Structures are given as C-alpha cells and as structure tokens.
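In the working numbering, the protein residues as written are 55 to 349. What follows is a set of notes on a single structure, which appears directly below.
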Amino acid sequence: MLDEPARSGGFVVRDAEPNDVGRVFEIYSHALGALDEADYEWFRALVRTRSRRKRVAVVESSGVVVGFAVVYKQGRIAFLDSIAVDEGVRGRGVGGFLLSTLENSLRREGVEVVTLSVKSWNLRALDFYLRRGYVVRGMVMILSADPHRLDPPHPENHYTVEEIPAGRLRRLRLRPTTWWSNLIEDVHRIIYKRYLKGERAIVVKSGRRVRGVAEFSHNGRMFVNYVALSSYNATNVLTEIVHKLKATAIKEKLNEIVIPVDASKKVLVLELIAMSFRTRETEYLLTKDLSNCDT
Ligand SMILES: CC(C)(COP(=O)(O)OP(=O)(O)OC[C@H]1O[C@@H](n2cnc3c(N)ncnc32)[C@H](O)[C@@H]1OP(=O)(O)O)[C@@H](O)C(=O)NCCC(=O)NCCS
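Listed below in structure tokens is the structure:
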C-alpha cells in the first residue's frame, strides 16, 4: 500500500478504490486492450481483492483518474503487470511519476528488483523503461496454434487428465514455463474466486501426484496464461496438456490456442514448435535493480 498519496505538478498517485474500476478499465481498454486479455469483471475482482501481494495504483488529475498500474510482489521481487496513461495526458511526466512513486514505495517495503515484460514492437514503452534504468534480460515467445492443425505425439496413457475451475487449484511445486508466473499465480487464484467467469485449469496427474497444470481462459481464442510442469518427464506431461487443450478448443469452437513460454526454456519451445505452434509475437523481459539506484 502507498503510505499516503504522492503529489507532483497537479497529479496525485494513490491506491485504487472500488469506485475507480470503471476509469481504470476504460484506460486499460484504450491503451492495452489490444495487448492483453482482461475484462471489466477481472479488474473489479483485482481491485476488490485484499492481498499484500498485489497493488493497483491510480494517478489522478483534478479528481479524474488518468492512469493506473498493477504490480504483484513476492519477497524481494516485484512484477509490473501493466501501466497505462490516458492518451490525452501522455508525454507530460505522468507515467514516469507513477512508476517512480511505485518503485519508491516498493523499495521501502524491501523489494530489490522490479521485473516486467513489454511487447517487442512497443518501442516507445521499451524506451520509456530503458530511460528509467531498466535493462533487457531475456525474451518471452508468445506461441500460437490452430487447434485443428496441432499435431502432438500420441499420449502415453499413464496420466489422468482433468479440468477444474482455476480457483480450486492449490499451490504447486512445479516449474512454470514463464519466469513471472510464480509471482502472480497465488494472487490470481485468490482473485479467481471473485471473478465470476473464472479461469479453468487442466491438471495432469500420475497416481495422486500432480505433474502438470495449465490455466486458460477464452475470449474467442484460448489463452493459456499459465503452464507449469514437473521436471520429471516434462515433455510427456506437456503432450498430455496439449492434447486436452486441443480437444477443448475444438469442442468449444475456438480457432486459436496461445501459450507464452520463456525463450530460455529451449526444450519446451522446441516441443511446442514441433507440434505446430508458431511464434505470434515476442516480449522483452526487463528488470531494474532498486537496491543500487535512486529514482
Ligand atoms: C508508457 C506510458 C505509460 C508512459 O506514460 P507517459 O505519461 O506518457 O510517461 P512520461 O510522460 O513520464 O514519459 C513519456 C516518455 O515515454 C515515451 N512514450 C512511450 N509511449 C508513449 C506514448 N504512447 N505517447 C507519448 N509518449 C510515449 C515518450 O517518448 C517519453 O519519453 P521520455 O522518456 O524521454 O520522457 C504511456 O505512454 C502509455 O500509457 N502507453 C500505452 C500503454 C503502454 O504501452 N504501456 C506499457 C506496456 S508494457
């Protein structure tokens, strides 16, 4: 939480309140709607959920919300999930003020590193972060496939595969395929309990042991925002997951499956590409070390 609202040149940064959801969603839809998957109900649940692990901050001018940011944190690491400023006031220092206010408050809470990802074509946003001390650390591949053309190897049959509401998943000791997933998934699960549409999860087990999980939502296409696999037989577990995703997508007439994967997970990237996934877009991973800089 921000200790108290921060002020600069007529702009005030403060924690979001339930009444802000409408404006936050409006700014989100204009600035980021084409970039990310979320809807009004999701933002409502996000703002209303109480958790020290997430923060939604807004910046207002003369009582009107003109920007917002969503941050998740876990111990010494924070993940800036989204930041956007109303088009009419961009380029006047609002985004920079919002970002530095958040960084200062995170630093006071013991956060040492802020991480984020930015679409690789969003060069203005990339420069915005680079000028503020962030450095590129890696890349995420956003992989996509037409479910009808997907060709996963034959499953091995010693796994059981079931689908449950994502809110029912418990904390798992699995390796996620994107590095930021661990930071945000616990919070997301709390939010899913309030988010009426809910996300769904595919769970792969051998005996009673959970070997893999994939969480997905759909909005015309199937977006798999979280995949985690046990290190043992990871590629077989992935095959099981892809079979189930394919069957579900075809049954529900979804014509695209999208999965983000950390580019450094070479084996998984190669497996998915071999099954007919293709790179839809890429994102840069950026980090900023808060412990040795002044904002
Ligand atoms: C990125 C963003 C939050 C910056 O907010 P802002 O209020 O314009 O930020 P500031 O005025 O403090 O700084 C603007 C800087 O960002 C750059 N910039 C990036 N995108 C910009 C945009 N769409 N319009 C104006 N300036 C932009 C400017 O060139 C300027 O450069 P500077 O670093 O030399 O000052 C805002 O431009 C925005 O909402 N963009 C669309 C959403 C987005 O891309 N978010 C990031 C996703 S990871």
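Glycine included, every Cβ here is placed at the ideal spot set by N, Cα and C. Here the structure is a predicted model, which means the values were calculated and not measured.
Leaving out five residues on either side along the sequence, give the residues of the same chain with a beta carbon under 6 Å from the beta carbon of residue i.
i	result
Ala85	Ala138
Val112	Ala70, Asp74, Val119, Phe122
Ser271	Glu253, Phe277
Val143	Val120
According to DSSP, is residue i helix, strand or coil?
i	result
Lys307	coil
Val296	helix
Phe331	coil
Arg68	strand
Lys342	strand
Ser83	helix
Pro209	coil
Glu217	strand
Glu325	helix
Arg224	coil
Arg203	helix
Arg61	strand
Gly76	helix
Thr232	coil
Please tell me whether, using a cut-off of 7 Å, the distance from the CB of residue i to the nearest non-hydrogen atom of ligand 2 is below it.
i	result
Arg185	The model on display carries ligand 1 but not ligand 2.
Closer than 7 Å by C-beta to residue i: which residues in its own chain qualify, once you throw out the five before and the five after it? Chain order, please.
i	result
Ser318	Gly192
Asp140	Ile81, Val120, Gly121
Ala179	Val172
Pro209	Thr293, Glu294, His297
Leu152	Val67, Ala111, Val113, Gly121, Ala123, Ile137
Ser260	His212, Tyr213
Using 8 Å for Cβ pairs, my map puts residue i next to residue j. What's the rounded Cβ distance?
i	j	result
Phe97	Val78	6 Å
Pro206	Tyr280	Actually they do not touch by this definition, with Cβ atoms about 19 Å apart.
Ile313	Leu326	7 Å
Pro72	Val101	6 Å
Arg218	Ala255	Checking the sequence shown, residue 218 turns out to be Ile, not Arg. About 5 Å separates the two Cβ atoms, so the contact holds.
Leu324	Tyr188	Actually they do not touch by this definition, with Cβ atoms about 29 Å apart.
Arg203	Gly164	That pair is no contact at about 48 Å.
Leu223	Val267	7 Å
Should residue i be labelled buried (16 or more other beta-carbon atoms within 10 Å of its own) or exposed?
i	result
Asp181	exposed
Asp316	buried
Asn273	exposed
Val321	exposed
Ser105	exposed
Asn346	exposed
Gly359	Residue 359 lies beyond the range of the chain shown here (55 to 349); nothing can be said about it.
Glu269	buried
Glu58	exposed
Ala60	buried
Closer than 8 Å by C-beta to residue i: which residues in its own chain qualify, once you throw out the five before and the five after it? Chain order, please.
i	result
Glu335	Lys173, Ser174, Trp175, Ile196
Glu157	Val168, Lys342, Leu344, Thr349
What are the start and end residues of each continuous alpha helix (DSSP H) run of 4 or more residues lying completely inside the stretch 86–131, in chain order? Runs of the alpha helix (DSSP H) inside the stretch 86–131: 94–102.
For the stretch 254–299, list the beta strand (DSSP E) runs that are entirely contained and at least 3 residues long, ordered along the chain. Listed in chain order, they are 254–260, 263–272, 276–283.
Jot down the residue ranges of each uninterrupted beta strand (DSSP E) in the stretch 124–184, minimum 3 residues, whole runs only, in chain order. Here the runs fully enclosed are 131–139, 167–173.
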